[in-house]
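> The structure follows.
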Amino acid sequence: AQSVAQPEDQVNVAEGNPLTVKCTYSVSGNPYLFWYVQYPNRGLQFLLKYITGDNLVKGSYGFEAEFNKSQTSFHLKKPSALVSDSALYFCAVRAVWGGDYKLSFGAGTTVTVRA
Amino acid sequence: DSGVTQTPKHLITATGQRVTLRCSPRSGDLSVYWYQQSLDQGLQFLIQYYNGEERAKGNILERFSAQQFPDLHSELNLSSLELGDSALYFCASSLEESPGEKLFFGSGTQLSVL
Numbered sequence: 003a004q005s006v007a008q009p010e011d012q013v014n015v016a017e018g019n020p021l022t023v024k025c026t027y028s029v030s031g032n033p034y035l036f037w038y039v040q041y042p043n044r045g046l047q048f049l050l051k052y053i054t055g056d057n058l059v060k061g062s063y064g065f066e067a068e069f070n071k072s073q074t075s076f077h078l079k080k081p082s083a084l085v086s087d088s089a090l091y092f093c094a095v096r097a098v099w100g101g102d103y104k105l106s107f108g109a110g111t112t113v114t115v116r117a
Numbered sequence: 156d157s158g159v160t161q162t163p164k165h166l167i168t169a170t171g172q173r174v175t176l177r178c179s180p181r182s183g184d185l186s187v188y189w190y191q192q193s194l195d196q197g198l199q200f201l202i203q204y205y206n207g208e209e210r211a212k213g214n215i216l217e218r219f220s221a222q223q224f225p226d227l228h229s230e231l232n233l234s235s236l237e238l239g240d241s242a243l244y245f246c247a248s249s250l251e252e253s254p255g256e257k258l259f260f261g262s263g264t265q266l267s268v269l
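Chains as they are written, first to last, in my numbering: chain A, 3 to 117; chain B, 156 to 269.
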């Protein structure tokens, strides 16, 4: 079975500082990896994804994520956080072949960026 | 705006009742997914349809059922409701069912079972 772990329930950073949200995954074979963000009273919005190729993926709103196969990680990063980045962030994984076909989400990490 | 429409936005009902949640996917999207979000369980995949056919099933209770109609809208039926069914139910859609595709989420239906 595939699974995603987001080890931190909350991440707090000051505006202008780097932001990192951690994610590790478990899946049979190669993974498709995603990051989604959820603002209050809204549905999830796609940020970025990794399918194949360059391990550093760039996405929306200045976010990027690095795929590390040996550590089975896909951490989300932003060099300089904004107050408007405060939201709930979800990492998700899907098997490329076989295994569960569904998109499995982590428990989410609440990011708070203070002014 | 994701283009995915969910109705109603809020639903308050009593235990033992039955409700229907409706989802209209983005124009042209063939695949529809249902997710349940609660504080204790997180975001749980329920079921996926593609062009009217069931494609994948997750942690969906037998009291719950879903279908996708010829016009591609989908309905999630929840019956014999229990207090623990109170949650935010999301619908999402994608153009195809390729595992690499991103999903577009609706704003959800907040279900409160009293």
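Even for Gly, the Cβ is constructed at its ideal location relative to N, Cα and C.
Give me the Cα-Cα distance between T74 of chain A and P9 of chain A, rounded to the nearest whole angstrom.
13 Å
> Tell me, please, whether the CB atom of K60 of chain A is closer than 8 Å to any CB atom in chain B?
no
> May I ask which residues mark the beginning and end of the beta strand (DSSP E) holding S229 of chain B?
229-233
> Evaluate contact between the region 257-269 of chain B and the region 204-216 of chain B, counting only Cβ atoms and requiring at least three cross-stretch pairs below 8 Å.
Segments in contact, no.
> How many angstroms separate the CA atom of K164 of chain B from the CA atom of S267 of chain B?
For K164 of chain B and S267 of chain B, the distance between alpha carbons rounds to 11 Å.
> Relative to the alpha-carbon of G207 of chain B, which residue among B:S234, B:S249, B:F224 has its alpha-carbon at the smallest distance?
B:F224
> Since F92 of chain A meets chain B, which of its residues come closer than 7 Å, beta carbon to beta carbon?
L198
> Quick check: the region 70-85 of chain A against the region 164-180 of chain B, are at least 3 beta-carbon pairs closer than 8 Å?
no
> Quick check: is the beta carbon of L166 of chain B nearer than 8 Å to any beta carbon in chain A?
no
> Taking 8 Å as the limit between beta carbons, can you name the residues of its chain near S106 of chain A, skipping five residues before and five after?
Q4, S5, V6, A94, V95, R96
> Where does S241 of chain B fall in DSSP's three states?
coil
> Which residues of chain B have a Cβ atom closer than 8 Å to the Cβ of F48 of chain A, listed in chain order?
Think of a sphere of 8 Å around the beta carbon of F48 of chain A: the chain B residues whose beta carbon falls inside it are K257, L258, F259, in chain order.
> Look at the alpha carbon of L90 of chain A and the alpha carbon of G171 of chain B, and state the distance between them as a whole number of angstroms.
Cα to Cα, L90 of chain A sits roughly 32 Å from G171 of chain B.
> Relative to the alpha-carbon of G239 of chain B, which residue among B:W189, B:R218, B:D184 has its alpha-carbon at the smallest distance?
B:R218
> Have a look at H228 of chain B and A117 of chain A and give me their C-alpha separation to the nearest angstrom.
43 Å
> In the DSSP assignment, find the beta strand (DSSP E) that holds I167 of chain B and state where it starts and stops.
165-168
> Taking Cβ-Cβ distances below 9 Å as the criterion, which residues of the region 218-249 of chain B are in contact with chain A?
F245, C246, A247
> Could you spell out where the beta strand (DSSP E) holding T54 of chain A opens and where it closes?
That residue, T54 of chain A, is in no beta strand (DSSP E); it is neither H nor E in DSSP.
> When the distance is taken between beta carbons, is A242 of chain B closer than 8 Å to Q191 of chain B?
yes
> Using the C-alpha atoms, what's the distance from V23 of chain A back to A16 of chain A?
14 Å
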